[in-house]
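Okay, so here's the structure we're looking at.
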Amino acid sequence: MRIDLYVQRLKTRGGIGSPSRGRGTIGAERLASRKSKLQCSAGPGSQRARLRALPISGLIILLLSASFSYAESKNEAKKSYDAVMNKASRDLTDGKIDDATKDAAQAEKLDPSNPETANLLGIVASKKKDYPAAVSQFNRALNENPKFYTAKFNLADVLMMKGDYEQARTILTDLSQIDPKSEIVQFKFALSYVLANQTAAAMSFIDTMDLPGKTPAYYYARAAVWLKKGLIKDAIQYSVNAHKYYTDGECKYFVSVLQEMGFNVSVF
Numbered sequence: 003m004r005i006d007l008y009v010q011r012l013k014t015r016g017g018i019g020s021p022s023r024g025r026g027t028i029g030a031e032r033l034a035s036r037k038s039k040l041q042c043s044a045g046p047g048s049q050r051a052r053l054r055a056l057p058i059s060g061l062i063i064l065l066l067s068a069s070f071s072y073a074e075s076k077n078e079a080k081k082s083y084d085a086v087m088n089k090a091s092r093d094l095t096d097g098k099i100d101d102a103t104k105d106a107a108q109a110e111k112l113d114p115s116n117p118e119t120a121n122l123l124g125i126v127a128s129k130k131k132d133y134p135a136a137v138s139q140f141n142r143a144l145n146e147n148p149k150f151y152t153a154k155f156n157l158a159d160v161l162m163m164k165g166d167y168e169q170a171r172t173i174l175t176d177l178s179q180i181d182p183k184s185e186i187v188q189f190k191f192a193l194s195y196v197l198a199n200q201t202a203a204a205m206s207f208i209d210t211m212d213l214p215g216k217t218p219a220y221y222y223a224r225a226a227v228w229l230k231k232g233l234i235k236d237a238i239q240y241s242v243n244a245h246k247y248y249t250d251g252e253c254k255y256f257v258s259v260l261q262e263m264g265f266n267v268s269v270f
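In case it helps, our numbering puts the sequence shown at residues 3 to 270.
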């Protein structure tokens, strides 16, 4: 409005539209040009520019909302997965293999790339005595996580069940380097010799184990040798001695391993 009034004054003075192009005329033209530019800057193009700028903050909010939603969804998925894995652990402990099989299938749907899933599938397969499938699943878990100690440990067990004692010892050697003081790994080492009918090698290895140890590993390794030789009374005596120094729960684990490996533990 102020520009329009000023231009009108110049017209009255003969600035605009008069034949001479004096300072007034030039000034008016410049003002008119400025007016035109201002009108253009206030026109639709400018509004579009502002409209293009406005959605940016909204987009950030949308992205943040999506990020929060994704995180929440991911947390829910993890909770569901953990619940399934916990149930599988209970079912395996209770000997509910069919239920554990269903749990493993559910874990596979929820998180197939998780090495824990492959490890669970391997355990279920080993409980069903499907040793090739078990080996495949444990190797799958190790491909996904080469440092997965539990999967290596389980793979060594299955290889012994299959009768592949040399390969089992190779894996047990790796585990003993990771945890040199593991009496359970030492116990499995001894069993690998016993199962291979190398009782002399087993006895030599057992002589290197700690006595007393933190677990009854030594006693049940000796018992395994006597069971293999058919010396039942000697085997029973080692089991009796183990119960003198260790809890029933500690002894139960080693007895269950012997049973799983095919030893007649009903005599204990």
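From the three backbone atoms N, C-alpha and C, an ideal C-beta is built for every residue, glycine too.
Taking the alpha helix (DSSP H) that residue i falls in, what are its first and last residues?
| i | result |
| --- | --- |
| residue 98 | Taken as a continuous stretch (DSSP letters only), residue 98 belongs to no alpha helix (DSSP H), as it is neither H nor E. |
| residue 248 | No alpha helix (DSSP H) holds residue 248; DSSP gives it neither H nor E. |
| residue 134 | 133 to 146 |
| residue 156 | 151 to 164 |
| residue 129 | 117 to 129 |
Please identify the residue among the options whose C-alpha is closest to the C-alpha of residue i.
| i | options | result |
| --- | --- | --- |
| residue 102 | 214, 246 and 119 | 119 |
| residue 127 | 140, 117 and 116 | 140 |
| residue 225 | 137, 270, 104 and 162 | 270 |
| residue 264 | 215, 198, 253 and 97 | 198 |
| residue 107 | 96, 125 and 97 | 125 |
| residue 2 | 191, 219 and 222 | The chain is shown only over 3 to 270; residue 2 falls outside these bounds and no answer can be derived. |
| residue 83 | 76, 99, 109 and 215 | 109 |
| residue 152 | 163, 219, 122 and 235 | 122 |
| residue 111 | 87, 100 and 98 | 87 |
| residue 227 | 165, 195 and 251 | 195 |
| residue 85 | 253, 113 and 182 | 113 |
| residue 256 | 188, 209 and 236 | 188 |
| residue 218 | 185, 193 and 89 | 185 |
| residue 193 | 135, 221 and 105 | 221 |
| residue 117 | 154, 216 and 232 | 154 |
| residue 95 | 254, 234 and 267 | 254 |
| residue 235 | 266, 136, 212 and 262 | 266 |
| residue 262 | 105, 93 and 160 | 160 |
| residue 183 | 77, 231 and 210 | 210 |
| residue 305 | 97, 90 and 252 | Because residue 305 is not part of the residues shown, which for the chain are 3 to 270, the question remains open. |
| residue 229 | 214, 268 and 156 | 268 |
| residue 115 | 162, 93 and 80 | 80 |
| residue 223 | 232, 237 and 93 | 237 |
| residue 89 | 232, 105, 76 and 135 | 105 |
| residue 164 | 137, 181, 91 and 150 | 137 |
| residue 259 | 156, 232, 231 and 212 | 156 |
Verify the contact flag: residue i, CB atom, against every heavy atom of the ligand SAH, threshold strictly below 7 Å.
| i | result |
| --- | --- |
| residue 267 | Annotation note on the ligand SAH: not contained in the displayed structure, which lists no ligands. |
Of all the CB atoms in chain B, is at least one closer than 8 Å to the CB of residue i?
| i | result |
| --- | --- |
| residue 212 | The structure shown contains no chain B; it holds only a single protein chain. |
Report yes or no: do three or more beta-carbon pairs, one from the segment 202 to 212 and one from the segment 231 to 241, lie closer than 8 Å?
-> Short answer: they don't touch.
Given 8 Å, three or more beta-carbon pairs between the segment 127 to 136 and the segment 144 to 152 = No, because fewer than three Cβ pairs between the segment 127 to 136 and the segment 144 to 152 fall closer than 8 Å, the two stretches do not touch.
Report the residue ranges of all beta strand (DSSP E) runs contained in full by the segment 180 to 262; include only those spanning at least 3 residues, in chain order.
-> Entirely contained in the segment 180 to 262, not one beta strand (DSSP E) run reaches 3 residues.
Can we say the segment 246 to 255 touches the segment 166 to 177, given the rule of at least three CB pairs closer than 8 Å?
-> These segments do not touch.
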